[in-house]
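Participant:
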Amino acid sequence: MKIISVVGARPNFMKIAPFIKAIQKYNQLKPDDPIIHILVHTGQHYDIRMSSAFFLTLNIPDPDINLEIGSGTHSEQVGNTMIEFEKVLVQENPDWVVLVGDVNATLACSITAKKMNVKVCHIEAGLRSGDLRMPEEINRLVTDRLSDLLLTPDELSYQNLLTEGTSESRISFVGNIMIDTLEANKDKASFLTLDEIVNDNLLDKYNFIGHVPKENSYAVVTLHRPSNVDERKIFESLVLFLLEEVTKDMQLIWPVHPRAKKQLYSFGLWEKVTLHPGIILLEPLGYHEMLRLNMGARLMLTDSGGLQEECCVLGTPCLTLRWNTERPITLREFGGASILVGNNVTRIREEYYNTLKLRRKPQCPPLWDGKTAERCLKEIINRS
Ligand code: UD1
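Throughout, our numbering is defined as the position within the sequence shown, counted from one, plus 8.
1. Using only the heavy atoms of ligand 1, determine whether one of them is closer than 7 angstroms to the beta carbon of D55.
2. Based on the DSSP secondary-structure assignment, which residues constitute the bridge partners of P263?
3. Look at the alpha carbon of N351 and the alpha carbon of R306, and state the distance between them as a whole number of angstroms.
4. Please classify Q271 as buried or exposed, where buried requires at least 16 neighbouring CB atoms within 10 angstroms.
5. Any heavy atom of ligand 1 closer than 7 angstroms to the CB of V106?
6. By the 10 Å Cβ neighbour count, where 16 or more other Cβ atoms means buried, how is K196 classified, buried or exposed?
7. Roughly how many angstroms lie between the CA atoms of N224 and G304, to the nearest whole one?
8. How many Å lie between G16 and N390 at the Cα?
9. Quick one: does the C-beta of N112 sit closer than 7 angstroms to a heavy atom of ligand 2?
10. Output the boundary residues of the alpha helix (DSSP H) element that contains A305.
11. Taking the alpha carbon of T255 as the reference point, which residue from H232, P266, V228 and L149 has its own alpha carbon closest?
12. Okay, do the segment 275-294 and the segment 54-66 touch, 3+ Cβ pairs below 8 angstroms being the bar?
13. Are the CB atoms of E132 and K23 within a distance shorter than 8 angstroms?
14. Give the DSSP bridge partners of Y226, in chain order.
15. Compute the Euclidean distance between the alpha carbons of D105 and M58, then round it to the nearest angstrom.
16. Does DSSP classify I43 as helix, strand or coil?
17. What's the gap between the Cα of L394 and the Cα of L248?
18. Within the present structure, is the beta-carbon of R267 separated from the nearest heavy atom of ligand 1 by less than 7 angstroms?
19. Taking 6 angstroms as the limit between beta carbons, can you name the residues of its chain near R233, skipping five residues before and five after?
20. H53 to N209, Cα distance in whole Å?
21. Kindly list the residues whose CB is nearer than 6 angstroms to the CB of C320, restricted to its own chain and excluding five residues on each side of it in sequence; keep chain order.
22. With DSSP as the reference, please indicate the residues paired to C117 in a beta bridge.
23. Going by other Cβ atoms of all chains shown within 10 Å of its Cβ, with 16 needed for buried, is S175 buried or exposed?
24. Provide the residue span of the beta strand (DSSP E) that contains V220, from first to last.
25. Under the three-state reduction of DSSP, which class applies to N184: helix, strand or coil?
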């Protein structure tokens, strides 16, 4: 059997790492009939810190093929990926294309594979925010509609697929593959110190005037969604809330995504943020560094779906700066650690003060047990 798996952007890397390990383990047990695996990187994320650093630390083999798509509008990214991925499929003729998550690579490669009659497996299927203004929601809907095998992270997403009319024979509930990576790396992350994380990753080391916070006395911030960072009024009000209010209670550590960095400059906020003693701006962090910060944080403020899940398992109280989520299982009403606060400062402030009273409370939804990748591979083999 020949499998091509595809990654494109940062949140894909921690999902593909355990899947590749599961293939390697299978091949050790079955050396006479190994799975041929080809890893394709579309190149949507290309900075060292957004991409190759993850391959190194998560022991992902170098991609066999890099399509080098890079930045662009959504149509450019998707169109260029389709053109290049079609050539890969003609050359390699795989039995399966395996896709993870909801980025532009996921969408582009699902369409290309199905048009060439190649079977598609989607890992992390069935997540729905219901918000079609999110590019990721369009990517999820199309990929799930086209996939032959839909592997869901939780029972709610299984139910979403059934509600949409997906035949039960195409779906399997396997658990959350990201948690395989978290479980495999928790110990290693715990050896890192806050001092080394901060000092090794400062975004602007010449203007650093803060101090490294103590355990459980800081908040971590991440922002990258266009809905939060692309509009001046919204982004500025969020930044001012962080600077003028949250820093009164605790220090902030903010690993800055390239999109947010660009907007801090273009909205004239860069100096205000970098010169504030209560906030530490870092480069985009490696997997272990981010995990370690999360493990010691008093609070997380984020618009990332992946961090929402990691906060759930680690129990870090989390304010999710979005109006909706495709991952409701991580919310407090389902026993998780996160609450949706959108991007209106009045609402954020109210929930911020409520959240300050909360303690860390780890929660493990069913099958978030570190063994999802093996179940994914088993499902593919059973249907081959
Ligand atoms: C993408 C994903 C999103 C995911 C996020 C995590 C889609 C639709 N979105 O959004 O689901 O949560 O990644 O990071 O696929 N840039 C760099 N260096 C890089 C990569 C990007 O400077 O290595 C710049 C680009 O020039 C661009 C901006 O960052 O202007 C955004 O990159 P892009 O790939 O368009 O989407 P993300 O916002 O990262």
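Just so it is clear, CB atoms sit at the ideal spot from N, CA and C, and this is done for glycine as well.
Facilitator: The relevant details are as follows:
1. Numbered from 1 along the sequence shown, position 47 holds the residue referred to as residue 55. The answer is yes for D55.
2. Within the sequence shown, the letter at position 255 stands for residue 263. In the DSSP output, where bridge partners are listed per residue, P263 has L290.
3. As a first step, residue 351 is located in the sequence shown; it is residue number 343 there, counting from the start. As a first step, residue 306 is located in the sequence shown; it is residue number 298 there, counting from the start. Distance from the CA atom of N351 to the CA atom of R306, rounded to whole angstroms, is 20 angstroms.
4. Start at 1 with the first residue of the sequence shown, and residue 271 comes out as number 263. Per the 10 Å Cβ criterion, buried.
5. Locating residue 106 in the sequence shown gives position 98, counting from the first residue. No, since every heavy atom of ligand 1 falls outside the 7 angstroms radius drawn around the Cβ of V106.
6. Here the question's residue 196 lines up with position 188 in the sequence shown. Looking at its Cβ environment, which holds fewer than 16 other Cβ atoms inside 10 Å, K196 is exposed.
7. As a first step, residue 224 must be located in the sequence shown, where it is residue number 216. As a first step, residue 304 must be located in the sequence shown, where it is residue number 296. One C-alpha to the other measures close to 5 angstroms.
8. The residue given as residue 16 occupies position 8 in the sequence shown. The residue given as residue 390 occupies position 382 in the sequence shown. So the two alpha carbons sit approximately 27 angstroms from each other.
9. As presented, the structure is devoid of ligand 2, carrying ligand 1 as its sole ligands.
10. As a working mapping, residue 305 is identified with position 297 in the sequence shown. From DSSP, A305 is part of no alpha helix (DSSP H); its letter is neither H nor E.
11. Working through the sequence shown from its first residue, we reach residue 255 at position 247. Nearest C-alpha to T255: V228.
12. yes
13. As a working mapping, residue 23 is identified with position 15 in the sequence shown. As a working mapping, residue 132 is identified with position 124 in the sequence shown. Contact flag set, yes.
14. Here residue 226 is taken as the residue at index 218 of the sequence shown, counted from 1. Y226 is bridged to Q259.
15. Residue numbering aside, residue 105 sits at position 97 when the sequence shown is read from its first letter. Residue numbering aside, residue 58 sits at position 50 when the sequence shown is read from its first letter. Residue identity differs from the one stated: residue 105 is Val in this sequence, not Asp. Taking the straight line from one Cα to the other gives about 23 angstroms.
16. Sequence index remark: in the sequence shown, residue 43 carries index 35 (1-based). In this structure, DSSP gives I43 a state outside helix and strand, which the three-state scheme calls coil.
17. Examination of residue 394 is not possible in this model, given that the chain is present from 9 through 392 alone.
18. Position 259 of the sequence shown holds residue 267. The answer is yes for R267.
19. For the purposes of this step, residue 233 is taken as residue 225 along the sequence shown, with counting starting at 1. Answer for R233: D311, listed in chain order.
20. As a first step, residue 53 must be located in the sequence shown, where it is residue number 45. As a first step, residue 209 must be located in the sequence shown, where it is residue number 201. The straight-line gap from Cα to Cα measures roughly 19 angstroms.
21. Within the sequence shown, residue 320 is the residue found at index 312, counting from 1. Counting only Cβ-Cβ distances below 6 angstroms, and skipping sequence neighbours, we find T338, G344, A345 and Q371.
22. If you number the sequence shown from 1, residue 117 lands on position 109. The partner list for C117 (beta bridge, DSSP) is empty, contrary to what the question assumes.
23. Along the sequence shown, read from residue 1 onward, the residue named residue 175 stands at position 167. Around the C-beta of S175, fewer than 16 other C-beta atoms lie within 10 Å, and the residue is accordingly described as exposed.
24. Here residue 220 refers to the residue found at position 212 when the sequence shown is read from its first residue. Premise fails: V220 is in no beta strand (DSSP E) and is neither H nor E.
25. For this step, residue 184 is matched to residue 176 along the sequence shown. Here N184 sits in coil by DSSP.
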